[in-house]
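Engineer: Letter by letter, the sequence shown follows residues 87 to 254 in my numbering.
Quick reminder that beta carbons are idealized off the backbone N, C-alpha and C, glycines included.
Just passing along the structure, written as structure tokens.
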Amino acid sequence: MRLCKIALLAAAAFHLLLVVFNNVVDYPSNYRFVQHVLGMDTLFSGEAQTWRALRPPAVAGTSSWPLHAAYVGIIVWEGIACSLIALGAVRLWSLRNAPAKDFNAAKTLGTVGLTASLLLWFFAFISIGAEWFLMWQSKSWNGLDAASRLFACQGIILLFLNQRDEDS
Numbered sequence: 087m088r089l090c091k092i093a094l095l096a097a098a099a100f101h102l103l104l105v106v107f108n109n110v111v112d113y114p115s116n117y118r119f120v121q122h123v124l125g126m127d128t129l130f131s132g133e134a135q136t137w138r139a140l141r142p143p144a145v146a147g148t149s150s151w152p153l154h155a156a157y158v159g160i161i162v163w164e165g166i167a168c169s170l171i172a173l174g175a176v177r178l179w180s181l182r183n184a185p186a187k188d189f190n191a192a193k194t195l196g197t198v199g200l201t202a203s204l205l206l207w208f209f210a211f212i213s214i215g216a217e218w219f220l221m222w223q224s225k226s227w228n229g230l231d232a233a234s235r236l237f238a239c240q241g242i243i244l245l246f247l248n249q250r251d252e253d254s
């Protein structure tokens with residue numbers, strides 16, 4: 087069971103590493119996602135709720151720094167969660183043959199990393215993106231399914247990881 091927990095934790099770290107990599111390497115494409123979600127420009131309900139949209143003024147020389155800050159914040163958050171999860175997996179690997187008490191105590195980094203990731207997907211994407219900015223209404227720029235899938239997968243890993251290990 088310990089190896090299963092370590093493998094799932096490492097897989098979660100690898101997945102987040104790919105997410106961070108894609109967000110950095112293809113910054114313009116993924117930035118457009120943030121721009122459209124926060125701009126609320128593809129809603130089927132029209133303009134009724136768009137008073138909450140974040141749209142930089144369409145004036146020459148103005149900056150879209152709030153959108154870039156939001157996107158960079160997401161990438162940094164993903165990177166921190168990825169690092170904590172990866173360090174947690176390495177820590178557990180180093181204690182895979184240790185007494186249960188030590189192995190259980192070493193789950194903290196992985197638990198914190200997964201919790202940070204869950205907060206990102208639930209708070210930033212499901213709550214803020216999907217509900218506040220009504221991302222769920224967009225046919226083109228809707229990340230709700232992906233965020234829900236990541237939240238579910240990582241939540242299951244967190245539950246499995248935190249089952250107590252016993253000495254055999």
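Give the range of the alpha helix (DSSP H) segment to which Gly229 is assigned.
Structural biologist: Neither: Gly229 is in no alpha helix (DSSP H) and is coded neither H nor E.
Engineer: Which of the three DSSP states, helix, strand or coil, is assigned to Ile242?
Structural biologist: In the three-state reduction of the DSSP assignment, Ile242 falls in the helix class, which pools H, G and I.
Engineer: Kindly indicate which three-state DSSP category Ser213 falls into: helix, strand or coil?
Structural biologist: helix
Engineer: What's the gap between the Cα of Ser254 and the Cα of Leu181?
Structural biologist: Distance between the alpha carbons of Ser254 and Leu181 is about 15 Å.
Engineer: What do you get for Gln249, buried or exposed, if any count of 16 or more other CB atoms within 10 angstroms of its CB means buried?
Structural biologist: exposed
Engineer: Among Ala96, Thr136, Leu89, which residue has its Cα nearest to the Cα of Gly174?
Structural biologist: Ala96
Engineer: Cβ atoms of Lys91 and Leu247: under 9 Å apart, would you say?
Structural biologist: Against a cut-off of 9 Å, the Cβ pair of Lys91 and Leu247 comes out as a contact.
Engineer: For Trp222, which of Ser131, Asn190, Ala167 has the nearest alpha-carbon?
Structural biologist: Ser131
Engineer: In this structure, how does DSSP classify Arg182 when only helix, strand and coil are distinguished?
Structural biologist: coil
Engineer: On the three-state DSSP scale, how would you describe Val145?
Structural biologist: The predicted model places Val145 with a pLDDT of 42, which falls under 50 and marks its position as unreliable, so this point remains unresolved.
Engineer: Measure the C-alpha to C-alpha separation of Ser213 and Ala202 and round it to an integer number of angstroms.
Structural biologist: Each residue's Cα considered, the two are about 15 Å apart.
Engineer: How many angstroms separate the CA atom of Thr194 from the CA atom of Leu178?
Structural biologist: 10 Å
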